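Working notes, structure below.
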Amino acid sequence: MIRRRSIVKKAKKILRIMNNQVRHLTIGDIKVSSLKFIGNLMQVRLNGRGVKNNDSNYRFIVKDMHNSNKTYKFNCTLTEDNELIAEVNLTEITSLMEKELGKWSFFVAINNFEIRLSTEAKAQIELQKHSITENNHELTIQPYITKYGNISITSMKVDESGHLYEMNNVLNAFTSKKLPNHVNRVSHSAEGILIEGSAKVTRELQKYVSLVMKKRASTLQYEFPITWLNENSWQSKVDVHVLESLKGIYDYYLLLADERTFRMKLHENAMIDADPLFRETEKESRQLISYRTKKDSLSLQCKISNIFVQNLIGKVQSDIVSLQGVINKEDLPKHKKQNKYCLILRQRNTDELSSFPVTLNESKNGYDLSFQLDYKDLLPSDELENYRWDVYLQLNIRGSDHLFRFRVKKDQETDSLAYDTRKKIEDENLYQIFFYRTRHGHVSISLSSLTINRDLSSYRIRNKKLCLGGYAYLEAISFNKKNKMNRFLVIRNRESDSELNIPLENITSKKKLSGGGFDYKYAGFYVEIPLESICDLQQNSKDILDLYIQIHYKNEVAERKLGLQNYKYYKDDYRLKYSYQQNNQYYKNYLTLTPRGNIKIESYSYTKEMMRYIKYGVHMDRFKNRNEDVWIIGERPDTAQDTGYHFFKYCRENYPEKKIYYAIDENSADLKNIKDLGNVLLLGSMEHLKTSLIATTFIGSHDIEYILPVKSTVMDNYRKGKRVFLQHGVLGRKNVEYHKYYYIDPFQMFCVSSQSEKEMVIDEFGYDDEEVMVTGLSRFDALLEKNNAERSILLIPTWREWLNTEEDFMASEYFERYKGLISNERLLKLLNQHSVNLNVYPHYRMQQFIEHFEKLETDRVSIIELGEKNVQDLLIENMLMITDYSSVSFDFNYMSKPIIFYHFDSDTFFKNGILRPIEETFLGDICKTEEAIIESIEYYLVNEFEEKQEVTDKKHLVFDQIDASNNERIYNEIISLR
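For what it's worth, this note's numbering labels the leading residue of the sequence shown as 95, then goes sequentially.
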């Protein structure tokens, strides 16, 4: 099989990417900076980074929003300052308006792509000061700003007595709460959706009615003009190419100029085009389906274009993989009959496309699909790396090629797909390649290093030994000979990296392990580890020990955390506990699980005096202090700079008489932040133990167990006390592990920043209404206290959970992307040109690799280590933020500072889904390339770091209050908590 890439397909992809780049650079970025009336001329100035392409053709458009046939275009002049200037003759405009009342909107056309114009904040103020502009005392034109920041003009007549027929007079006359309307026909075409209907409105009111599409559970909406055919009949053309989000449901409304909306209803005999409308995106095509709701309203569903394949089976012979399956006739969209069908493989991240022939034969069951691929045709010519390809079928619909994602239902056949199509590849290193079913049911191909499959089936303590049993093997390597490979159990201290290596005997597995022609007969293991040797790894009052399976085969060393395949996860529970005494030190160890089912040992060490207190003294103290209210606050063990610190500071300054304490590691660099506040508990100290075991309220920005001296499930006072989650960010992006069902003793108070966030926590995390409090985050108060920002930019990316080793980090796209950005020559030139510094602060969990960033420091670029500065101070001191997905961006939104988001790996980062729509949670510029990031930075440098108006307009989605009373609200809610 010869590997090839279709030239035609490649050309189309390049054009599509270019078109999408134009749209990405222009939507929301070209704005009206000023509008002036000079005699009979209306001068409109446009500004924004999207107008910087001198090769583009720009036209200024005045469009009748109620008659799409009335569209008038005017030339634009591009100045040396990259401004567009359009001059509109008002005499000509009033002539075109035919002396009628109407609503006219402004657009700019870039190479025939139209964009609705909004205004900059300064222009809105300027427009509000403008008086009504008259022309020949026959027609009056007045500019105004719509509710969503778009600029429009309204034309008004003057009657014989000189009074204006204002738009408001007409709208106020319409007082009905309902607008009787019916949709009679919905037709799909390559140009979009044609909607035909009727509505009982007066002729004067018709001029103020338009069609609007609102994305459900979102703020996105799009307005389209209505053309009135006669007294009651109308039609509207919906251009689906302007939709920014092609996932979700859009509802249709009739919209009045005063922003009143009325749901569009379908006539009982309405005809709706049953054939979906398809639109290409950067990846797969999307289906747009018009449908009738349960209440007879009109809606549009946008979803990924899938083709379901049933009975998909595969096999490998030599390097050739063969797949067969069946597509139901009703699952295959209507398409132009093709002589040849193509299977398209899209390589993730690079978006490189490869095309291969696929056979579709009509049969009784539908269409029999068959496909063969030589794996060698996919392999890169240079050194092998980890790659993934997504699998599509290409169909021609309405004259355009569309990609449909292959999807399969989970069943026994697809469960074995990865085994049956797996092929081992020997290079300098060992790799495997195979087809597999993704988490969402799609078919993809993986080229990856050999991975370990493992399961822990038994664990117990016997004769002062930890006894573990299970199986572990390298996938795609038959393990049918006892001495084929060497295996080890590695127990590693998470903080110090000290480790214990224990050889594993290769024994027959109790579970039959085979698949895809591979036999793993000797994958079983059973090992007994003396508790004394485990204690030798423990160095602190509280340690985490991770357990790994390590397999040596030829020149390869593979490693994976030991864990369970099937498990029920609780954050505050344990699978096994045991105590051990060694050298006058006492240990309480717990075998617990991570969210992914991996095993770890949580170890607590105590002196003899502390053990005696746990056994006897705690009961005496509880009796003595049973009426005292004692609070313990904290964050991670070694930090005091997040919501825990700010709430503790508030409590100490406002309620010094209360017994409120902060727990922190004695070696923490943040200890200096709280030592002057008093009531500091050093983790693992006798004072920490005594206070914790009589405490009544536990308050944390992260998991509360970070600040406890013993496992929470064995603390009666913890289980009976108040448990408060301050939270350390606004939720809505990546799924986090604070669900109620992950806890035996869940939070009784969960702090959020808005009603919409509260509803999400209730719906997604399982908390009850009375357990979620809209208080805001405690650290927000300090954001409004200081205003000493410098001319500097903060680069503060979040971490990647899959980058755990230095080797992984150095080879990652993550490091390459940020290294390229920090050392970008154009960026460095801009920093020097505008006398601006760039401060780079790697995430808490990426700080272990900071030395690789420090090599990139220059006079204008500073790399900041953990503890060198508080994150809060960095947020206040900088004027522009660059991040990827970090929730600290909300702090910048709170201060009305601009943000640039670098979403180069959003597919991978959000592989488990996103909790809220991107447009509701990422309030700023979203860029996917280094070039786009530099363009955005330049925009904000030129515009003096001013926040964009569309971001300001969306803040209500994130914050219910923007004030300095968040701590006060939190304190009052805790006091009232029962």
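Heads up, the beta-carbon is just placed ideally off N, CA and C, and yes, glycines get one too.
This one's a predicted model, so the numbers in the text were calculated from it and none came from an experiment.
Contact between the stretch 930–939 and the stretch 882–902 is established, with three or more Cβ pairs separated by less than 8 Å. Selection TYR749, ILE994 and LEU129 evaluated against TYR1033 yields ILE994 as nearest (Cα-Cα).
Taking 8 Å as the cut-off, the beta carbon of ARG746 is found no closer than this to the beta carbon of ILE643.
Residue burial is scored here from C-beta neighbours: GLN632 has at least 16 other C-beta atoms within 10 angstroms and is therefore classed as buried. The beta carbon of THR173 lies closer than 7 Å to those of ILE179 in the same chain, with the five residues before and after it left out. Contact check for VAL824 and SER795: beta-carbon distance about 13 Å, past the 8 Å limit, so the pair fails to qualify. Separation of ASN580 and TYR614 (C-alpha to C-alpha, rounded to the nearest whole angstrom) is 14 Å.
The DSSP-derived three-state label of ALA293 is strand. Counting only unbroken stretches of 3 or more residues, the beta strand (DSSP E) elements lying wholly within the stretch 813–862 are 816–819 and 843–846, in sequence order.
Under the three-state reduction of DSSP output, CYS170 falls in the coil class, being neither helix nor strand.
HIS937 is positioned such that its CB atom lies closer than 8 Å to that of THR892.
Between LEU568 and TYR647, the CB-CB gap stays under 8 Å. Here ALA1026 carries a helix assignment [DSSP, helix/strand/coil]. Distances from the CA of LEU787 to each of VAL804, GLU1014, GLY772 and TYR800 were compared; the closest alpha carbon is that of VAL804. Closest by C-alpha distance to ASN678, out of GLU626, LYS694, LYS671 and TYR710, is GLU626. Bounds of the alpha helix (DSSP H) holding LEU625 are 625–629.
One thing to note: SER762 has its Cβ within 8 Å of the Cβ of ASP732. Inclusion of GLY657 and GLY618 in the CB contact set at 8 Å is not warranted, their separation being larger than that value.
Across the structure, THR375 and ASN266 are spaced so that their CA atoms are roughly 43 Å apart.
Taking 8 Å as the upper bound for CB-CB distance, SER538 and ASP484 are in contact here, some 5 Å apart.
Membership of ALA512 in the alpha helix (DSSP H) is indicated by the continuous run 511–514.
In this chain, ASN1066 is not harboured by any beta strand (DSSP E); it is covered by the alpha helix (DSSP H) spanning 1060–1069. Between LEU968 and GLY826, the alpha-carbon positions lie close to 23 Å from each other. Within the same chain, HIS276, VAL277, ILE366, ARG386, ASP390, SER391 and LEU392 come within 8 Å of LEU360 by CB-CB distance, once the 5 residues on both sides are set aside.
Contact check between the stretch 890–907 and the stretch 972–992: three or more CB pairs, one atom from each, fall below 8 Å, which counts as touching.
TRP328 counts as buried, since no fewer than 16 other beta carbons sit within 10 angstroms of its beta carbon. When beta bridges are read from the DSSP output, ALA180 appears opposite VAL138. The stretch 729–792 is shown to contain whole alpha helix (DSSP H) runs of 4 or more residues at 737–748, 765–768 and 780–786, in chain order.
Taking the Cα positions, ASP1054 is about 13 Å away from ASP1047. The closest CA to that of SER494, considering only VAL502, LEU594, GLN137 and PHE372, is found on PHE372. Counting only the Cα atoms, PHE819 lies some 16 Å from PHE874. PHE529 sits close to LEU417, with the two beta carbons spaced by under 8 Å. Bridge partners of ARG357 according to DSSP: TYR347. The beta carbon of GLU760 sits closer than 6 Å to the beta carbons of LEU776 from its chain, once the five residues preceding and following it are set aside; these are given in chain order. Assigned with DSSP and collapsed to three states, LYS423 falls in helix. Contact check for LYS377 against ARG440 passes: the beta carbons are separated by less than 8 Å.
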